[in-house]
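Residue numbers (the numbering used here): -15 to 171.
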């Protein structure tokens, strides 16, 4: 089955010292890198997705600011495609769907940030568009959320959104995905 890896928003602002740090983005990025290496080694299609805010008053991912750059842990190589987006759904107003169709992709593996926002929106959209979806649970990260005066810990947010996403695809650990894909990744 033709599969592509989508690496969503693993960008500097989500790491310590960034404008919107997440909980343990380093572990998620390490696992995303493992997936990226698997796809690179086997000639699999992979796409870096980079969120750029067009609003000059945005809090993070500001156009032209180094915080919006793809983090070094999953650095993009020359010639690898980057899809630039301005919305949580990576398909909205981008060329992502066209790239996946051009490559005859049937399944997407999703890694990235934030679990509760862009990973969620992209996974649901991919399923709605007919793709089989696999979410790399340990290659995604999020942060604490506030609601109605209460703090919801990042771990609870992460697990709750992943639980909901099981209705849209498989949720697996990165090592399991590598084992599943190692023999079947195609160009």
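Positions of the beta carbon are idealized from the N, C-alpha and C atoms, including for glycine.
Taking the C-beta atoms as reference points, residue 84 is found nearer than 8 angstroms to residue -12. Between residue 54 and the set 19, 22, 96, the nearest pair of CA atoms involves 96. Around the beta carbon of residue 106, 16 or more other beta carbons sit within 10 angstroms, so the residue counts as buried. In the three-state scheme derived from DSSP, where H, G and I count as helix and E and B as strand, residue -2 is classed as helix.
In this structure, residue 116 places its C-beta atom within 8 angstroms of the C-beta atom of residue 90. With contacts defined by Cβ atoms closer than 8 angstroms, residue 15 and residue 120 form a contacting pair.
In this structure, 30 is the residue among 133, 100, 4, 30 with its C-alpha nearest to the C-alpha of residue -14. In the structure shown, residue 122 falls within a strand segment according to DSSP collapsed to helix, strand and coil.
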